[in-house]
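Q: Listed in order, the protein sequences are those of chains A and B.
Counting in the numbering used here, the first sequence runs from 4 upward without gaps.
Counting in the numbering used here, the second sequence runs from 4 upward without gaps.
What follows is a single structure, and I will ask about it in a moment.
2 protein chains.
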Amino acid sequence: MPIIKPRVLKGFRDFLPDAEITRSSLVKKLEQVFSLFGFVPIDTPVLEYADILLGKGGGETDKQVYRFLDHGDRDIAMRFDLTVPFARFMAEHVEELYLPFRRYHIAKVWRGENTQRGRYREFMQCDFDIVGTDSSSADADILLTAAKAMIVLDVGEFSLRINHRALFNRFLARIGALDKSAEILRTVDKLEKIGFENTLEKLSKLVGLELAADILSFIKKEDSFEATLEKMISFCNKNDVYAQSAKSRLLEIMECVAATGFDNRIVLDPSITRGLDYYTGMVVETSLGALPEIGSVCSGGRYDELASLYTERKMPGVGASIGLDRLIAALETIGKINDSVISTQVLIMNQEKGNAESIAISELHALAAHLRDAGFSCEVFPEEKKTLAQYTYAERKHIPLALFANSAKGPYNLRILAQRKNIECLDFDSLCESIRSSLNVKT
Amino acid sequence: MPIIKPRVLKGFRDFLPDAEITRSSLVKKLEQVFSLFGFVPIDTPVLEYADILLGKGGGETDKQVYRFLDHGDRDIAMRFDLTVPFARFMAEHVEELYLPFRRYHIAKVWRGENTQRGRYREFMQCDFDIVGTDSSSADADILLTAAKAMIVLDVGEFSLRINHRALFNRFLARIGALDKSAEILRTVDKLEKIGFENTLEKLSKLVGLELAADILSFIKKEDSFEATLEKMISFCNKNDVYAQSAKSRLLEIMECVAATGFDNRIVLDPSITRGLDYYTGMVVETSLGALPEIGSVCSGGRYDELASLYTERKMPGVGASIGLDRLIAALETIGKINDSVISTQVLIMNQEKGNAESIAISELHALAAHLRDAGFSCEVFPEEKKTLAQYTYAERKHIPLALFANSAKGPYNLRILAQRKNIECLDFDSLCESIRSSLNVKT
Chain A
4 MPIIKPRVLK
14 GFRDFLPDAE
24 ITRSSLVKKL
34 EQVFSLFGFV
44 PIDTPVLEYA
54 DILLGKGGGE
64 TDKQVYRFLD
74 HGDRDIAMRF
84 DLTVPFARFM
94 AEHVEELYLP
104 FRRYHIAKVW
114 RGENTQRGRY
124 REFMQCDFDI
134 VGTDSSSADA
144 DILLTAAKAM
154 IVLDVGEFSL
164 RINHRALFNR
174 FLARIGALDK
184 SAEILRTVDK
194 LEKIGFENTL
204 EKLSKLVGLE
214 LAADILSFIK
224 KEDSFEATLE
234 KMISFCNKND
244 VYAQSAKSRL
254 LEIMECVAAT
264 GFDNRIVLDP
274 SITRGLDYYT
284 GMVVETSLGA
294 LPEIGSVCSG
304 GRYDELASLY
314 TERKMPGVGA
324 SIGLDRLIAA
334 LETIGKINDS
344 VISTQVLIMN
354 QEKGNAESIA
364 ISELHALAAH
374 LRDAGFSCEV
384 FPEEKKTLAQ
394 YTYAERKHIP
404 LALFANSAKG
414 PYNLRILAQR
424 KNIECLDFDS
434 LCESIRSSLN
444 VKT
Chain B
4 MPIIKPRVLK
14 GFRDFLPDAE
24 ITRSSLVKKL
34 EQVFSLFGFV
44 PIDTPVLEYA
54 DILLGKGGGE
64 TDKQVYRFLD
74 HGDRDIAMRF
84 DLTVPFARFM
94 AEHVEELYLP
104 FRRYHIAKVW
114 RGENTQRGRY
124 REFMQCDFDI
134 VGTDSSSADA
144 DILLTAAKAM
154 IVLDVGEFSL
164 RINHRALFNR
174 FLARIGALDK
184 SAEILRTVDK
194 LEKIGFENTL
204 EKLSKLVGLE
214 LAADILSFIK
224 KEDSFEATLE
234 KMISFCNKND
244 VYAQSAKSRL
254 LEIMECVAAT
264 GFDNRIVLDP
274 SITRGLDYYT
284 GMVVETSLGA
294 LPEIGSVCSG
304 GRYDELASLY
314 TERKMPGVGA
324 SIGLDRLIAA
334 LETIGKINDS
344 VISTQVLIMN
354 QEKGNAESIA
364 ISELHALAAH
374 LRDAGFSCEV
384 FPEEKKTLAQ
394 YTYAERKHIP
404 LALFANSAKG
414 PYNLRILAQR
424 KNIECLDFDS
434 LCESIRSSLN
444 VKT
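Okay, here's the thing in structure tokens:
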């Protein structure tokens, strides 16, 4: 039979062990952070009815969705984000749950995007939301969780750039451009990508040069949170109650954040708008100090209605999403990914017969079982091969220690492979001690 | 706009927090076991070229596969198991890896199966394999890993029922029925489901009554591993080298397993064949003592050629797969799933204003940050609500402790909700101490 050439689809990737260990260790750290803040995990199906995922719409997103008929001729699709399934989930299960509901969901999504921009068609999203409350305390929790996640992931310097949608809208209302807010928001959202000149030109076409200049002046950040906030308020009508209420909200959020000492991570940035109409309150993007050009690694905001497509029940909430693949790429770029992850800790050498020290392989398995009971990960090399071949295997797999045994009960010879150093251990306890201390030494 | 009824596809499920916490805690335990045995994780795309997943075939599996054309008119499909993608993965990446390669993969797969049999169309598989070695040590490692997984998952009594494919085939060769081995294996594989009478009838149609009786006699288990093995050998031709070699292999495997004290978990069961042609050596199924009727929760075996569809390179290996959903269902049935999982440990109460003890919510956030730094998961209730409403929330979410504070620095009043007992704590250290001891007490 002819061979089928092994290959993956464009925009899709295999994760080899080192990459998968890296990804899964980041996921575990994020899960710990979410858990510290009281978020609980959920999961939803990868496949859903197309009308659930796409509503009645026919927009830009639709073209990217993997959609097809199943064996029962149902019109189905693969999820393209975690927000829409979450909205459906809340509408369906709200009676079985409790509000406010804090959930996280770390899972793959699929979009048939143009891969030329370095995008993947299968990637992992990591969403966390608090639904069923309109309080500033929840807004603050999302910021605090995002900040804690960045610290635990060891991204170095970062800042959470926040804004409030209402301030922008009230300013647009004052200059009479509220009817064009969607286009203006989308244009402003691309400021960093397309530059000041291009943005001015695009805005001019929308509202004329004078108002375009006003808008660009409005979205300029001042020296401090307070100064920026005052500037923004001054661009709105005096006594605009919506603007005043947005100001109070931002101050409340900052008070909570400041109480935890994280306020130095927050910047009020009027240029942050998060394009989507969906958001109605605070919005946030996260920039890395070492790599501002990669854009936001954690973004979100407050919305009034999560699930209005599926229920008449109001579900206000606030949440954010971490782009895990982008973040991993960033951590690799700034050298924060340790590429020599340890898999197995101890390789139990299976010496060639004829060697005077050779022992039965069942003895090696007995030794392995003792080591596992002591909490060490280990494996018996399954074939009698030359020592060098087994060392090479250990090196390729990043196994730091090789163990030679004369019997399951010892004596043992433990080799720290990177140092080419051997340690004699007379009994099992001293072997465990030597393994422990060897693993703690950076090699 | 009319509401779209929120619903999931037949055969698909949402995982609410309690179920998802249960599943993810079992997955974490399995990951720990795999890691102890030196298995490393990989991941592969959910979507692959249809010819990669289905070969040239058009069998039973194909009808169940979710297959469609993507936007570029590529014929693609969702993976229906983790073995086929692993074979493609090994053929593609063997030069970047090292052999023997021990991998695990825990991920969802999709099959458009008939849901009437209580099957799901989206379910999680959990595969572990050692590829690139033909050694009995690797066979033993798969059994040991499976046994350790069952113990760590706390399934109660279980047995690994093993067999060797060659013994069955050599017996069939002797009775002249080797050309019908595939049908015979499939029939015998269903013995427990369809019963002795039906099996005899089906076998009779294939090979006649006398040989059918022979086959059923061959697959009967004797009182001990050794007695069963001798019986099986006696059914083959004397001096059949293949049968003798299979016998030696089983004894070698048992020697390794016995050295670790797990031999009491192993049963030689000639009726275990694992239907598939794919297997060539040892095969294994795992039965639970408390629930034998649910069938095997961990099955696998040795194969000669993992990736022959995609490469001419020989890749012998051995592996097994845990049916996580079936296992969870089993654990629920035998009461081994604790349905009151703890999510958040401490709910920081947000008391109504007007209450003399009410403090600023920012103080509560400061307190939350201190508790998280001390390693406790906690959340500030985001709205001022009646104490009873907040207690109800805690109860629904299985939060065991409610904390009332007069300031971030204390004093505090910690309530153990299940016991309706309050503990006064004057400072933060004594608060942490009280939380720790309360969480250790079973409530």
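Backbone N, C-alpha and C fix where the C-beta goes; we use that ideal spot for every residue, glycine too.
None of the values given here were measured: they were computed from a predicted structure.
1) Is Ile222(A) near the ligand NAP, going by C-beta to nearest heavy atom under 7 angstroms?
2) Along chain B, which residues have their Cβ under 8 angstroms away from the Cβ of Ser365(A)?
3) Closest by CA to Cys428(B), which one among Gln422(B), Leu406(B), Leu420(B)?
4) Quick check: Thr283(A) and Cys301(A), are their CB atoms within less than 8 angstroms of each other?
5) For Phe40(A), tell me which candidate among Phe265(A), Thr231(A), Arg105(A), Glu200(A) has the shortest Cα-Cα distance.
6) How would you label Ile199(A), buried or exposed, when you count the other beta carbons within 10 angstroms and need 16 or more for buried?
7) Nearest to Phe171(A) by CA position, among Arg122(A), Val87(A), Ser184(A), is which residue?
8) Considering Cα atoms alone, identify which of Asn353(A), Arg439(A), Ile419(A), Ala411(A) is closest to Asp430(A).
9) Where does Leu57(B) land, buried or exposed, given buried means 16+ other C-beta within 10 angstroms?
10) Should Ser346(A) be labelled buried (16 or more other beta-carbon atoms within 10 Å of its own) or exposed?
11) If we cut at 8 angstroms on Cβ distances, does His167(B) have a partner in chain A?
12) Any C-beta of chain A sitting closer than 8 angstroms to the C-beta of Leu330(B)?
13) Considering just the uninterrupted stretch of the alpha helix (DSSP H) at Leu247(B), what are its terminal residues?
14) Could you list which residues in chain B have their beta carbon closer than 8 angstroms to that of Ile45(A), in chain order?
15) According to the Cβ coordinates, are Leu271(B) and Asn166(B) closer than 8 angstroms?
16) Can you pull the chain A neighbours of Lys389(B), defined as C-beta to C-beta under 9 angstroms?
17) Would you report the Cα separation of Ala377(A) and Leu367(A), rounded to the nearest angstrom?
18) Comparing C-alpha positions only, which one of Asn409(A), Thr336(A), Ser324(A) sits nearest to Ile133(A)?
19) Measure from the alpha carbon of Ile362(B) to the alpha carbon of each residue in His373(B), Val383(B), Arg375(B), then state which is nearest.
20) Using only the alpha-carbon positions, how far apart do His108(B) and Asn117(B) sit?
21) Identify whether Leu100(A) lies in helix, strand or coil by the three-state DSSP scheme.
22) Which residues, taken in chain order from the stretch 194 to 208 of chain B, show a beta carbon closer than 8 angstroms to some beta carbon of chain A?
23) What residues from chain A crowd round Phe89(B), counting only those whose CB sits closer than 8 angstroms?
24) At a CB distance below 8 angstroms, what residues from the stretch 140 to 171 of chain B approach chain A? Give them in sequence order.
25) Quick one: is Ser380(A) near chain B, going by C-beta distance under 8 angstroms?
26) In the DSSP assignment, find the unbroken beta strand (DSSP E) run with Met81(B) in it and report its ends.
27) Using beta-carbon positions only, say whether Phe131(A) and Leu291(A) come within less than 8 angstroms of one another.
28) Three-state secondary structure (DSSP) at Gln128(B)?
29) Do the stretch 133 to 147 of chain B and the stretch 248 to 267 of chain B make contact, defined as three or more Cβ pairs closer than 8 angstroms?
30) Report all residues from its chain with a CB closer than 6 angstroms to the CB of Ile154(A); omit the five preceding and five following residues, and keep chain order.
31) Would a check of beta-carbon distances place Leu406(A) closer than 8 angstroms to chain B?
32) With a Cβ-Cβ cutoff of 8 angstroms, do Asp217(A) and Ile178(A) count as a contact?
33) I need the straight-line Cα distance from Val321(B) to Ala150(B), nearest angstrom please.
34) Taking only beta carbons into account, state which residues of the stretch 265 to 290 of chain A come closer than 9 angstroms to chain B, listed in chain order.
35) Tell me the DSSP bridge mates of Val11(B)?
36) From the DSSP output, which residues share a beta bridge with Arg70(B)?
A: Quick answer:
1) Summarising the ligand content, the structure contains no ligands, and the ligand NAP is consequently not present.
2) Those are Glu258, Cys259, Ala261, Ala262, listed as they occur along chain B.
3) Of the candidates Gln422(B), Leu406(B), Leu420(B), the residue whose Cα lies closest to the Cα of Cys428(B) is Leu406(B).
4) Note that the C-beta distance between Thr283(A) and Cys301(A) is not below 8 angstroms.
5) The option with the nearest alpha carbon to Phe40(A) is Arg105(A).
6) Just to set this straight, residue 199(A) is Phe in the shown sequence, not Ile. By the neighbour-count rule (16 or more Cβ atoms within 10 Å), Phe199(A) is not buried but exposed.
7) Nearest C-alpha to Phe171(A) among Arg122(A), Val87(A), Ser184(A): Ser184(A).
8) For Asp430(A), the closest C-alpha among the options Asn353(A), Arg439(A), Ile419(A), Ala411(A) is that of Ala411(A).
9) The C-beta of Leu57(B) has 16 or more other C-beta atoms within 10 Å across all chains shown, which makes the residue buried.
10) Ser346(A) should be labelled buried.
11) No, His167(B) lies away from the interface with chain A (no Cβ there is under 8 angstroms from its Cβ).
12) Not a single C-beta of chain A is nearer than 8 angstroms to the C-beta of Leu330(B).
13) The question names Leu, but residue 247(B) is Gln in the sequence shown. First-last of the alpha helix (DSSP H) with Gln247(B): 244 to 262.
14) At a beta-carbon threshold of 8 angstroms, the residues of chain B lying near Ile45(A) are Asp17, Phe18, Leu19, Pro20, Glu23, ordered along the chain.
15) Asn166(B) is positioned such that its CB atom lies closer than 8 angstroms to that of Leu271(B).
16) Chain A residues near Lys389(B): none, gap ~15 angstroms exceeds 9 angstroms.
17) Ala377(A) and Leu367(A): Cα-Cα distance of roughly 15 angstroms.
18) When each option's Cα is compared against that of Ile133(A), the closest is Ser324(A).
19) Among His373(B), Val383(B), Arg375(B), the Cα nearest to that of Ile362(B) belongs to Val383(B).
20) Whole-angstrom Cα-Cα distance: 25 angstroms.
21) Reduced to three states, the DSSP call for Leu100(A) is coil.
22) Against chain A - using a Cβ distance shorter than 8 angstroms - the stretch 194 to 208 of chain B contributes no residues.
23) Residues of chain A passing the Cβ test: none, with the nearest at roughly 10 angstroms.
24) Within the stretch 140 to 171 of chain B, the residues whose Cβ lies closer than 8 angstroms to some Cβ of chain A are Ser140, Ala141, Ala143, Asp144, Leu147, Lys151, listed in chain order.
25) At least one chain B Cβ lies under 8 angstroms of Ser380(A).
26) Boundaries of the beta strand (DSSP E) harbouring Met81(B): 78 to 81, taken from the DSSP string.
27) Cβ atoms of Phe131(A) and Leu291(A): not closer than 8 angstroms.
28) DSSP places Gln128(B) in strand when its eight states are reduced to three.
29) Three or more beta-carbon pairs separated by less than 8 angstroms link the stretch 133 to 147 of chain B to the stretch 248 to 267 of chain B, which places the two stretches in contact.
30) So no residue of the chain qualifies.
31) Closer than 8 angstroms: no.
32) Cβ distance < 8 angstroms, so Asp217(A) and Ile178(A) count as in contact.
33) Those two C-alpha atoms are separated by around 15 angstroms.
34) Of all residues in the stretch 265 to 290 of chain A, Phe265 have a Cβ within less than 9 angstroms of some Cβ in chain B.
35) Secondary-structure assignment with DSSP links Val11(B) through no beta bridge to anything.
36) DSSP, once it has assigned bridges, lists Ala80(B) as partnering Arg70(B).
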